[in-house]
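Everything in the sequence shown is counted per this note's numbering, starting at 342 for the first residue and increasing by one. Heads up, the beta-carbon is just placed ideally off N, CA and C, and yes, glycines get one too. The model shown is predicted, which means the values in this text are computed figures rather than measured ones. Encoded as structure tokens, the structure appears first; notes follow it.
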Amino acid sequence: ACINEGLVNNLLSKPLADVVLLALPTMLIGESTEHSDFPGTLTATAETLIKLWTEIGEQVFKAGIHKMLILNSHGGQPQIVDIVAQRLRAHKQMLVVGVDTFRLSTPPGLFSIDELRYGLHAGEIETSMMLHLRPESVRMEHARNFVPTSLKIAKPYHRLAPHGPARFAWQAQDLHEAGACGDAASADAKRGSEIIKHMADEVVLIISDMARFPLENLHNER
């Protein structure tokens with residue numbers, strides 16, 4: 342949620358020509374079943390979030406807003422975003438765009454290919470962003486290179502992997518006993534700042550596309 346909020350604050354500070362942009366409050370608790378074996382995890386069910394987010398979207402529509410972007414920064418819920426977007430399209434004829442921050446690009450050359458591919462949680466990338474956004478919340482004395490087992494799990498198989506076109510369901514401890522994946526010890530705030538700015542620029546382009554996209558392109562009758 343901190344990364345999501347930091348990204349939203351950054352893009353709200355950018356000039357958006359001919360676009361009125363409203364931001365809803367950040368949803369602080371999401372679907373985190375994959376972390377549920379670690380004490381202190383707060384999670385909601387997919388069913389709860391689908392219902393809640395759909396109802397929020399319906400209220401947005403009722404307020405006269407027919408275009409909505411759902412910015413998701415948690416890997417446990419892109420499917421939920423897709424379901425909510427589809428329901429709002431089908432039942433309210435809204436343009437709803439789902440954006441996963443972890444699928445946005447990062448500035449070239451900042452991280453290794455393995456870190457980009459396997460550093461899924463609390464690794465070099467996310468820790469760098471947190472060092473920029475909320476340094477007081479990061480305890481770098483505990484940071485280390487959490488080498489994910491996914492680096493070796495995928496090697497014997499043709500396609501089977503924790504993520505990708507033939508992905509299997511996993512719990513965080515399946516990828517590393519500490520629940521983190523990636524080289525957190527190498528993180529730094531400077532690169533975190535660069536990532537946030539780069540991602541915000543990408544989201545601005547998406548918002549610009551949405552603003553220019555005519556709702557008439559969505560055909561509501563056959």
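Under the three-state DSSP convention, the category residue i falls into
i, result
"Leu362", "coil"
"Ile370", "coil"
"Gly439", "strand"
"Lys408", "strand"
"Asn561", "coil"
"Asp529", "coil"
"Asp423", "helix"
"Asp542", "helix"
"Asp524", "strand"
Reference residue i; option with closest CA among the options
i, options, result
"Ala521", "Gly347, Arg485 and Lys496", "Arg485"
"Cys343", "Thr367, Arg532, Asp524 and Leu362", "Thr367"
"Ile391", "Ser377, Pro419, Leu445 and Ala495", "Pro419"
"Met481", "Pro489, Met471 and Thr490", "Met471"
"Glu399", "Val422, His376, Glu372 and His432", "His432"
"Pro555", "Ala387, Val422, Pro380 and Gln434", "Gln434"
"Ile406", "Leu362, Glu557 and Arg458", "Leu362"
"Lys408", "Leu369, Thr447, Ser414 and Arg553", "Arg553"
"Leu369", "His499, Ser414, Ala519 and Glu456", "Ser414"
"Lys355", "Met551, His539 and Glu557", "His539"
"Phe402", "Thr389, Arg430 and Gly416", "Arg430"
"Pro476", "Ala528, Leu393, His462 and Asp359", "Ala528"
"His462", "Glu518, His499 and Leu365", "Glu518"
Pair within 8 Å by beta-carbon distance, residue i and residue j
i, j, result
"Val544", "Val437", "no"
"Ile537", "Asn351", "yes"
"Pro327", "Ile494", "This structure gives no information on residue 327, because the portion of the chain shown stretches from 342 to 563."
"Ala541", "Leu357", "no"
"Asp378", "Gly460", "no"
"Ala457", "Thr442", "According to the sequence as given, residue 457 is Leu; it is not Ala. No, the Cβ-Cβ distance between Leu457 and Thr442 is not below 8 Å."
"Ser373", "Thr386", "no"
"Ile547", "Leu410", "yes"
"Thr395", "Arg428", "yes"
"Glu375", "Gln512", "yes"
"Gly464", "Gly417", "no"
Anticipated Cβ contact below 8 Å, residue i with residue j, distance rounded
i, j, result
"Ser469", "Ala530", "7 Å"
"Val491", "Leu516", "One detail in the question is off: residue 491 reads as Ser in this sequence, not Val. Indeed they touch by this definition, with Cβ atoms about 5 Å apart."
"Phe452", "Ile466", "6 Å"
"Gly533", "His473", "3 Å"
Margin query: What ranges does the alpha helix (DSSP H) occupy inside the region 443-522, keeping only unbroken runs of at least 4 residues that lie completely in it?
Written below: Segments of the alpha helix (DSSP H) lying fully in the region 443-522: 454-459, 465-474, 491-494 and 513-516.
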